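Undergrad: Each protein sequence line maps, in turn, to chains A and B.
Its first residue numbered 0, the first sequence is counted upward by one per residue in numbering that gives the first Met the number 0.
Its first residue numbered 0, the second sequence is counted upward by one per residue in numbering that gives the first Met the number 0.
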Amino acid sequence: MSSSIETDAVIIGAGPVGLFQVFELGLLEIKAHVIDALPIIGGQCMELYPDKPIYDIPALPVCTGKELTDNLLKQIEPFGAQFHLGQEVSMVAQRPDGRFDIHTSADQHFISKTVFIAAGVGAFQPRLVPLDGIDRFDGTQVFYRVKDPEQFLGKNMVICGGGDSALDWALYFADKVNQLTLIHRRDDFKAAPKSVSKMRELCDTGKINLKIGQLAGFEVHDDKLSELLITGIDGAKSSVPCDVILAFFGLSPKLGPIADWGLDIDRKQITVDTEKFQTSTPGIFAVGDINLYPGKKKLILSGFHEAALAAFAAAAYLSPEKTIQLQYTTTSTKLHKVLGVGNTE
Amino acid sequence: MTYVVTESCIRCKYTDCVDVCPVDCFREGPNFLVIDPDECIDCAVCVPECPVNAIYAEDDVPGDQQQFIKINADLASSWTSITKSKGALPDADEWKDVKSKLAELVK
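1) Does I81(B) get closer than 7 Å to chain A when you measure Cβ to Cβ?
2) Please confirm whether D58(B) has its beta-carbon closer than 7 Å to some beta-carbon of chain A.
3) Straight-line CA distance for K197(A) to L209(A)?
4) Are the beta-carbon atoms of D15(B) and T82(B) separated by less than 7 Å?
5) With 7 Å as the threshold, decide whether the Cβ of V46(B) is near any Cβ in chain A.
6) Quick check on I34(B) - is its C-beta less than 7 Å from some C-beta in chain A?
7) Roughly how many angstroms lie between the CA atoms of V4(B) and G97(A), to the nearest whole one?
8) Straight-line CA distance for D167(A) to D186(A)?
9) Is the beta carbon of V114(A) less than 7 Å from the beta carbon of I323(A)?
10) Would you report the Cα separation of S104(A) and V46(B), rounded to the nearest angstrom?
11) Select from H83(A), M45(A), T180(A) the residue whose C-alpha is nearest the C-alpha of E66(A).
12) Any chance you could list the beta strand (DSSP E) runs of at least 3 consecutive residues sitting entirely within the stretch 47-77 of chain B, in chain order?
13) Against chain B, does S251(A) count as a neighbour if the rule is that its beta carbon must be under 7 Å from one of theirs?
14) Can you tell me where the alpha helix (DSSP H) holding S99(B) begins and where it ends?
15) Could you tell me the boundaries of the alpha helix (DSSP H) in which M45(A) lies?
16) Taking 7 Å as the threshold (beta carbon to beta carbon), is D18(B) in contact with chain A?
17) DSSP three-state call for T330(A): helix, strand or coil?
18) Pull out every residue of the stretch 259-274 of chain A whose Cβ sits closer than 8 Å to any Cβ of chain C, in chain order.
19) Identify, in the order they occur along the chain, each residue of the same chain with its Cβ nearer than 7 Å to the Cβ of T343(A), setting aside the five sequence neighbours on each side.
20) Please find out if some non-hydrogen atom of the ligand FMN comes closer than 6 Å to the beta-carbon of V141(A).
21) Closer than 8 Å between beta carbons: that is the criterion. Which residues of the stretch 67-97 of chain B meet it against chain A?
22) Exposed or buried, what is I257(A) when buried is set at 16 or more other beta-carbons lying within 10 Å of its beta-carbon?
23) Can you tell me whether H220(A) is buried or exposed? The criterion is at least 16 other CB atoms within 10 Å of its CB, across all chains shown.
24) Skipping 5 residues on each side, what residues in its chain have a beta carbon closer than 6 Å to that of L201(A)?
25) Could you confirm whether any beta carbon from chain B is found closer than 7 Å to the beta carbon of R126(A)?
26) Hey, which unbroken runs of the beta strand (DSSP E) at 3 residues or more fall wholly within the stretch 264-300 of chain A?
27) Is G294(A) closer than 7 Å to V16(A) when the C-beta atoms are compared?
28) Cutting at 7 Å between CB atoms, please list the residues of its own chain near Y143(A), excluding the five before and the five after it.
29) For the 8 Å Cβ check, are there 3 or more pairs between the stretch 20-31 of chain A and the stretch 304-317 of chain A?
30) Apart from the five residues on each side of it in sequence, which residues of its chain come closer than 6 Å, Cβ to Cβ, to I39(A)?
31) At a Cβ threshold of 7 Å, is T343(A) touching chain B?
32) Give a yes or no on whether the minimum CB-CB distance between N52(B) and chain A is below 7 Å.
33) I want to see whether chain B comes within less than 7 Å of L84(A), judged by CB atoms only; does it?
34) Is A36(A) near E76(A), with beta carbons less than 7 Å apart?
35) List the endpoints of the continuous beta strand (DSSP E) containing T1(B).
36) Straight-line CA distance for G62(B) to P95(A)?
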């Protein structure tokens with residue numbers, strides 16, 4: 000386990016609202032750590048609609064999910080937030096000293112004075128191989144990400160999926176494993192066209208065995224997964240030898256453990272007040288799609304507003320003796336200094 | 000509000016939507032899926048997953064599909080939860096472009 004990180008603020012979720020929370024806290028000189036289950040920054044904007052246009056961000060007539068994320072990252076650059084990606088928050092609990100313990104799936108531990116839950120519709124997790132009982136081979140023969148490619152050399156490998164992850168690994172392993180089967184439900188690949196044509200070449204030379212169809216079952220030999228059964232789109236059944244499955248069926252969000260953190264929940268969303276966007280536990284705030292209050296609308300712009308008010312509430316919570324002045328970035332030399340712009344002497 | 004599964008799903012039931020639902024609010028019948036309006040959190044993640052565009056926000060349900068708001072609510076209470084996708088119905092592709100198929104709905 001790595002050593003604990005002590006901080007004033009932890010933000011759970013690196014989507015647009017989590018990123019803007021960094022900005023609003025930054026203006027108030029509160030430094031934040033950001034945790035996200037995805038290996039990339041941007042949340043739904045990057046995972047679900049990186050190239051789709053968004054039309055309702057104020058003062059941006061149109062932008063894509065990726066552009067919005069890139070712009071926000073540029074905007075928060077002065078604040079030096081630290082990102083902890085590819086790990087899911089498993090537990091948030093209040094300590095006897097009033098601060099919060101936050102543990103992640105990567106065994107990282109934070110001790111923070113405040114927590115901002117900007118978790119949207121939950122943590123994105125890999126969609127599982129849709130075969131009952133195959134989960135007992137998770138981590139030994141069934142994998143959803145590749146940590147150590149060496150362990151797969153010389154095996155009979157099956158890769159499932161038709162996106163970039165599936166094809167990138169298929170191209171990588173094609174001449175490194177004993178037999179490589181690529182299974183996809185239709186003969187239509189979402190991966191980069193260059194990868195698709197390279198994959199087809201490798202199929203022609205017999206390096207990749209391409210199967211179009213659905214997984215239908217599996218065989219176990221000596222308590223190990225030995226074969227996968229496939230139903231082709233024409234209904235024909237076949238089987239392929241299988242020591243290891245790499246499954247890339249995409250990701251889907253799950254609310255997961257948030258419900259177990261002792262916060263008031265209504266229809267699986269975290270209830271907050273509309274003055275501070277604070278949860279039933281003082282010091283824990285919830286912003287963006289994850290929260291619920293009368294009149295709530297799940298809009299990115301609403302999340303931005305919520306992040307601003309939550310930041311002021313957190314500043315007051317952290318320093319109750321101080322009066323927090325609202326200052327404007329147009330005129331405040333203090334804010335210019337914080338942002339690293341203009342005449343800052 | 001809630002999201003609503005409409006006529007296009009009948010006799011197709013591709014089930015792609017089920018995997019992405021963060022709150023597992025889909026319910027399954029013999030040849031149709033519905034969304035439990037008491038569980039749906041209006042996140043809209045399922046909408047683009049449907050290959051036959053059967054899912055609408057309650058406020059966007061087309062005029063000729065309004066009855067499906069009640070059909071979803073009624074059937075959700077008696078049908079069982081489906082949380083993992085499975086293959087579409089075998090003749091789904093033959094039914095996906097059929098417009099009027101409410102009479103085919105098996106409750």
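Using N, Cα and C, we set each Cβ at its ideal position, and we do this for glycine too.
It should be emphasised that the depicted structure is a prediction, and the values quoted were computed from it without experimental measurement.
TA: Well, looking at it:
1) Against the second sequence, residue 81(B) aligns to sequence position 82. Not one chain A Cβ lies under 7 Å of I81(B).
2) By one-based count along the second sequence, residue 58(B) stands at place 59. Closer than 7 Å: no.
3) Within the first sequence, residue 197(A) is the residue found at index 198, counting from 1. Within the first sequence, residue 209(A) is the residue found at index 210, counting from 1. Their Cα atoms are separated by approximately 13 Å.
4) One-based indexing of the second sequence puts residue 15(B) at position 16. One-based indexing of the second sequence puts residue 82(B) at position 83. Cβ distance not < 7 Å, so D15(B) and T82(B) don't count as in contact.
5) For the purposes of this step, residue 46(B) is taken as residue 47 along the second sequence, with counting starting at 1. With 7 Å as the cut-off, V46(B) does not count as an interface residue toward chain A.
6) The count along the second sequence starts at 1 and reaches residue 34(B) at position 35. Closer than 7 Å: no.
7) In the second sequence, counting from the first residue as 1, residue 4(B) sits at position 5. In the first sequence, counting from the first residue as 1, residue 97(A) sits at position 98. Distance between the alpha carbons of V4(B) and G97(A): 46 Å.
8) Position 168 of the first sequence, counted from the start, is the residue given in the question as residue 167(A). Position 187 of the first sequence, counted from the start, is the residue given in the question as residue 186(A). Rounded to whole angstroms, D167(A) to D186(A) spans 17 Å at the Cα level.
9) Looking up residue 114(A) in the first sequence gives position 115. Looking up residue 323(A) in the first sequence gives position 324. Cβ atoms of V114(A) and I323(A): not closer than 7 Å.
10) Position 105 of the first sequence, counted from the start, is the residue given in the question as residue 104(A). Position 47 of the second sequence, counted from the start, is the residue given in the question as residue 46(B). Approximately 30 Å, taken between the alpha carbons.
11) One-based indexing of the first sequence puts residue 66(A) at position 67. Of the candidates H83(A), M45(A), T180(A), the one whose C-alpha sits nearest the C-alpha of E66(A) is M45(A).
12) 54-56
13) As a working mapping, residue 251(A) is identified with position 252 in the first sequence. Yes, contact with chain B.
14) Start at 1 with the first residue of the second sequence, and residue 99(B) comes out as number 100. Taken as a continuous stretch (DSSP letters only), S99(B) belongs to no alpha helix (DSSP H), as it is neither H nor E.
15) Taking the first residue of the first sequence as position 1, residue 45(A) is located at position 46. Unbroken alpha helix (DSSP H) run through M45(A): 43-46.
16) Taking the second sequence and counting its residues from 1, the one referred to as residue 18(B) is at position 19. Output row for D18(B): interface = yes.
17) As a first step, residue 330(A) is located in the first sequence; it is residue number 331 there, counting from the start. In the structure shown, T330(A) sits in coil (DSSP, three-state: anything other than H, G, I, E or B).
18) This model lacks chain C altogether; the protein chains it does include are A and B.
19) Here residue 343(A) corresponds to residue number 344 of the first sequence, with the count starting at 1. Low confidence applies to T343(A): its pLDDT is 47, below 50, so where it sits in the model is not reliable enough to give any reading.
20) Summarising the ligand content, the structure contains no ligands, and the ligand FMN is consequently not present.
21) K83, S84, K85, G86
22) Here residue 257(A) refers to the residue found at position 258 of the first sequence. By the 10 Å Cβ count, I257(A) comes out buried.
23) Reading the first sequence from its first residue, position 221 is the one you call residue 220(A). So H220(A) counts as exposed.
24) Locating residue 201(A) in the first sequence gives position 202, where the first residue counts as 1. These residues qualify, in order along the chain: A173, I207.
25) Here residue 126(A) refers to the residue found at position 127 when the first sequence is read from its first residue. Yes, because at least one Cβ of chain B sits closer than 7 Å to the Cβ of R126(A).
26) Complete beta strand (DSSP E) runs here, min 3: 268-270, 283-285.
27) As a first step, residue 16(A) is located in the first sequence; it is residue number 17 there, counting from the start. As a first step, residue 294(A) is located in the first sequence; it is residue number 295 there, counting from the start. Not a contact, by the Cβ cut-off of 7 Å.
28) For this step, residue 143(A) is matched to residue 144 along the first sequence. The answer, listed in chain order, is P125, A246.
29) yes
30) Position 40 of the first sequence, counted from the start, is the residue given in the question as residue 39(A). So the list reads M45, once near-sequence residues are dropped.
31) One-based indexing of the first sequence puts residue 343(A) at position 344. Reliability fails at T343(A), whose pLDDT of 47 lies under 50, so the model's placement of it is uncertain and the value that follows must be treated cautiously. T343(A) does not count as touching chain B.
32) Here the question's residue 52(B) lines up with position 53 in the second sequence. It does not: the Cβ of N52(B) has no partner Cβ on chain A nearer than 7 Å.
33) As a working mapping, residue 84(A) is identified with position 85 in the first sequence. Chain B contact via Cβ: absent.
34) Against the first sequence, residue 36(A) aligns to sequence position 37. Against the first sequence, residue 76(A) aligns to sequence position 77. E76(A) is positioned such that its CB atom lies no closer than 7 Å to that of A36(A).
35) In the second sequence, the residue the question calls residue 1(B) occupies position 2. Counting along the chain, T1(B) falls outside any beta strand (DSSP E), and DSSP gives it neither H nor E.
36) Translated into positions along the second sequence, residue 62(B) becomes position 63. Translated into positions along the first sequence, residue 95(A) becomes position 96. One C-alpha to the other measures close to 57 Å.
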